[in-house]
Each structure stands twice: as C-alpha cells, then as structure tokens.
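Peer 1: In the numbering used here, the protein residues as written are 15 to 398.
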C-alpha cells in the first residue's frame, strides 16, 4: 500500500470527542464514527497552504468547489449533477434538518428503516414531525426491507417523506439498484418524497457498488459530504443536491433560517483536494477497512461463535447481534466499558426496539489498536 493506515496517531489531549470525551486514559474508543487515520496527503497539504496565509475571515465558496463535486460523482458513480442543484451547508445533519423543514409540516410523519443513525430521530422530532419506523428484517447476517410493512407505512396519509441511510448505518448495507428502484416506486405511488443521507457513500467494501439515489430519481433530495469518507467531519462541509427548483428554494430558505449557511475557510479547500486528488487514498482505505473487518470476523468465529457479526457491505461500523448472551445492548456496552476498558455503542441508540440486542463497533483505526480492543471484548464476554 502507498498509505500507512497502521500508523498510530495520538489524538488524546487534542479536544478530540472520540478520545477525550471520557477522562480515563486506558479506554480504547470504538464508538463514535470518526477514523483514527491521517487524512489523505492532498487534503493536509491544501489545509496547510490555506493556513499559511494567516487570515481566516468569511469565506466565499469558489466555482472549483462545485466543479470538484460534479466531476467526482460523474467519474466515480456515473451520476450527473447540475451546478444549480447544489446547496452547501455545514453538515449532513443540519442538511437533513433543513430539507425536512422545507418538505414537511409539524404533525406529519417521516418514515425511516430502523435501526438507523440516531440523529434521524432527533432531526425528525425537532421539526415537529413523528418518527415512523419500518423495521429491517435480519436474514442470515444481512438486513432486508420488509416490503409489505414499508408500503403500508408509505400509504399512511400523514407520511410525507422517507429518510433513507445509503449506505446504511448501523446495519452495513449498501442498497442495490433494484432495492432503491423498489423504494422509489413505492414512494412515488404514495406521494412520499425520498431524502437520502449518503454521507458514507465512498466507504464501500471491495466487490460492492454504491448507487446514488440521484441516479434512480431526480425527485429525490440527496445529502452528502466528504466528511466521513475522508475523515474531515470537523471541517463542517456538506451539500444538498435537489433538482426541483421550488423545493430547492424552500431548502435554501431553511438553511438561512437555521443559520447554517456559511462555511469555514478550510472546508472548501479540503473538499476540492478530496474529490480532485484523493481517489487512490479512499480506494486503499476501503481495502484496509475490509482487512479489519475480516480480522474481527475471524476472532468472533473462533472465540465468540455465539455472537452473529452482520455483513459489512459499506461504512466502517460493524453491527453485532449479541442476543445469544441474554443481556441488553446497554448492559453489555456498560460492562465492556467498565470491565474491559473498551467503548462501543449500544444498539438502542439506533432504535430502542429495533436496535435492542445489538452493539456497534467502529473498526476505522490501526489494526493493532482494533485487535487490542477486540481482545478486551473477548475476555469480558467469556467471563459473563
């Protein structure tokens, strides 16, 4: 490999949420979704060049920003985006909130496939809407949509929008073209607008193919960002792609109402460097993450065979079925933290019902660090 993902980087003491949220220095954090890898060289160099000027005032987003987005998605995903369809904001969660503000009225319902990213619940509720869960079904080690339930909930007269996570966090699914087409057909039939969170879109395992919902339907609203894939979430840059001019006007208004309309000086520079110069880096990263996943699966198969590791098609977040232990996800996460000094996420964060009996493990770290964390998990569980 050209890039050294095995390099240990000490992030403790840098006001890093992942490492400094808790004071204990012996904790291995495998929880919040950011990576312990150095960014692609082109990104670091772009930020250093910008920092060298020494003035960090209000920032104009240049045309090169839009050109980088359009070129990347055309080259990598065969998706043609029009320049005028792009609205920028400070993050995908604020983007989702603004889209829902533009699309829905208080009291309406927003459909999700659960378990799903915890901020979906707060975005929906903060806009005065009701969360409507269609529970995914476990088939083997893979989640599938229960199509009968999905359509029944789309047909509810109060359902206005369907908020999709593609690829799916925490279930690890990369939805196929056929699945996305079926979702779109059902939503179109019932007048439900699709909003697709595609923040993990570059984090796809070898052999899998990410399909942007924008290639399925021009009616969908897409929220994306290089933040997860290129490990630049702290630079707070994201985009909304909306082809419907009137809806786009309402979303733009919501961005301004929510006061999330200005980017910092480093975000555009990082995005341009990511999309224009860092394709090889992301390809190698995905191969490394796949190696981490294979190592995790091997350890669980040999030492913790009662637990079921869900297939990882995309993201770096591994979803583990712990129901064979006869304890809740909250209880296991708490035990692992206090007795094993390893921090994972309880599945109930991603739905109190659909997430119960699962934990989520972030494997985006050097392999030696991951294996130390997994060995601690093994030791604790064997003593339960």
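Even glycine gets a Cβ: it sits at the ideal position worked out from N, Cα and C.
#1: Between the alpha carbons of residue 377 and residue 94, how many angstroms are there, rounded?
#2: Return the residue from the list 392, 364, 325, 326 that minimises the CA-CA distance to residue 344.
#3: Residue 18: buried (16+ other C-beta within 10 angstroms of its C-beta) or exposed?
#4: Taking DSSP as the reference, what is the three-state secondary structure of residue 189?
#5: Below 8 Å CB to CB, which residues in the same chain sit around residue 59 once its five sequence neighbours on both sides are set aside?
#6: Considering only the beta carbon of each residue, do residue 247 and residue 112 sit closer than 8 Å?
#7: Select from 30, 177, 285 the residue whose C-alpha is nearest the C-alpha of residue 87.
#8: Cβ of residue 374 within 8 Å of Cβ of residue 394?
#9: Tell me the residue span of the beta strand (DSSP E) that contains residue 28.
#10: For the segment 128-138 against the segment 177-194, do three or more pairs of beta-carbon atoms, one drawn from each stretch, fall closer than 8 Å, so that the two count as touching?
#11: Hey, out of 190, 124, 250, whose CA is closest to residue 224's CA?
#12: With residue 305 and residue 217 assumed to form a contact (beta carbons below 8 Å), what rounded beta-carbon distance in angstroms separates them?
#13: How should residue 352 be labelled, buried or exposed, when 16 other C-beta atoms within 10 angstroms of its C-beta is the threshold for buried?
#14: Buried or exposed for residue 31, going by 16 or more other Cβ atoms inside 10 Å?
#15: Mark residue 50 as exposed unless 16 or more other C-beta atoms lie within 10 angstroms of its C-beta, in which case mark it buried.
#16: Just grab the DSSP bridge partners of residue 359 for me.
#17: Is residue 343 helix, strand or coil by DSSP?
#18: Could you check how far apart the C-beta atoms of residue 144 and residue 126 are, in whole angstroms? I think they sit under 8 Å.
#19: Helix, strand or coil: which one does DSSP assign to residue 145?
#20: I need the DSSP call for residue 248, collapsed to helix, strand or coil.
#21: On the CB-based measure, 16 or more other CB atoms within 10 Å of its CB, does residue 271 come out buried or exposed?
#22: Report yes if the C-beta distance between residue 355 and residue 335 is below 8 Å; otherwise report no.
#23: Do residue 229 and residue 92 have their beta-carbon atoms positioned less than 8 Å apart in this structure?
#24: Can you tell me whether DSSP reads residue 211 as helix, strand or coil?
#25: Here's the rule: buried if 16 or more other CB atoms are within 10 angstroms of the residue's CB, otherwise exposed. What is residue 106?
#26: Give a yes or no on whether the C-beta atoms belonging to residue 233 and residue 101 are separated by under 8 Å.
#27: Could you pull the DSSP bridge partners for residue 179 from this structure?
#28: At a cut of 8 Å, does the segment 378-394 reach the segment 32-45 through at least three beta carbon pairs?
#29: Under the rule that 16 or more other beta-carbon atoms within 10 Å means buried, what is residue 48, buried or exposed?
#30: Relative to the alpha-carbon of residue 298, which residue among 243, 142, 341 has its alpha-carbon at the smallest distance?
#31: In chain order, what residues of the same chain have a beta carbon less than 6 Å from the beta carbon of residue 317, not counting five sequence neighbours either side?
#32: Name, in chain order, the residues that DSSP records as bridge partners for residue 331.
#33: Indicate the three-state DSSP secondary structure (helix, strand or coil) for residue 153 in the structure shown.
#34: Could you check if residue 70 is buried or exposed, using at least 16 other CB atoms within 10 Å of its CB as the buried criterion?
#35: Which residue comes first and which comes last in the beta strand (DSSP E) that contains residue 128?
#36: Just the C-alpha distance for residue 153 and residue 161, rounded to the nearest angstrom, thanks.
Peer 2: With the given structure in hand:
#1: Straight-line Cα distance between these residues: approximately 32 Å.
#2: Distances from the CA of residue 344 to each of 392, 364, 325, 326 were compared; the closest alpha carbon is that of 364.
#3: Exposed: under 16 other Cβ atoms inside 10 Å.
#4: Looking at residue 189 - three-state DSSP - the assignment turns out to be coil, as it is neither helix nor strand.
#5: So the qualifying residues of the chain are 287.
#6: Residue 247 places its beta carbon 8 Å or farther from that of residue 112.
#7: Looking at the Cα atoms, 285 is the closest of the given residues.
#8: Going by C-beta atoms, residue 374 is not nearer than 8 Å to residue 394.
#9: Careful: residue 28 lies outside any beta strand (DSSP E) and carries neither H nor E.
#10: Contact between the segment 128-138 and the segment 177-194 is present, with at least three C-beta pairs closer than 8 Å.
#11: Proximity to residue 224 across 190, 124, 250 peaks at 190, based on C-alpha coordinates.
#12: Contact annotation, residue 305 with residue 217: C-beta distance approximately 14 Å; criterion of less than 8 Å not satisfied.
#13: A residue is called buried once 16 or more other Cβ atoms fall within 10 Å of its Cβ, and residue 352, having fewer, is exposed.
#14: Residue 31 is exposed by the Cβ-count criterion.
#15: For residue 50, the number of other beta carbons within 10 angstroms of its own is at least 16, and it is reported as buried.
#16: For residue 359, which the question treats as bridged, DSSP gives the partners 374.
#17: Residue 343 falls in the helix class under three-state DSSP.
#18: The pair is not a contact, with the Cβ atoms about 11 Å apart (cut-off 8 Å).
#19: Looking at residue 145 - three-state DSSP - the assignment turns out to be strand.
#20: In the structure shown, the three-state DSSP call for residue 248 is helix.
#21: The residue in question, residue 271, is exposed, as its Cβ has fewer than 16 Cβ neighbours within 10 Å.
#22: No.
#23: Closer than 8 Å, so yes.
#24: Reduced to three states, the DSSP call for residue 211 is strand.
#25: Answer is buried; the Cβ neighbour count reaches 16.
#26: Not in contact: residue 233 and residue 101 (Cβ atoms no closer than 8 Å).
#27: Under DSSP, residue 179 takes part in a beta bridge, and its partners are 211.
#28: Flag = yes, the segment 378-394 and the segment 32-45 touch.
#29: It counts as buried.
#30: For residue 298, the nearest C-alpha among the options comes from 243.
#31: Around residue 317: 392.
#32: Paired residues: 376.
#33: Three-state result, residue 153: strand.
#34: In this structure residue 70 is exposed. Its beta-carbon is surrounded by fewer than 16 other beta-carbon atoms within 10 angstroms.
#35: In the DSSP assignment, residue 128 falls within the beta strand (DSSP E) that extends over 123-128.
#36: Rounded to the nearest angstrom, the two C-alpha atoms are 14 Å apart.
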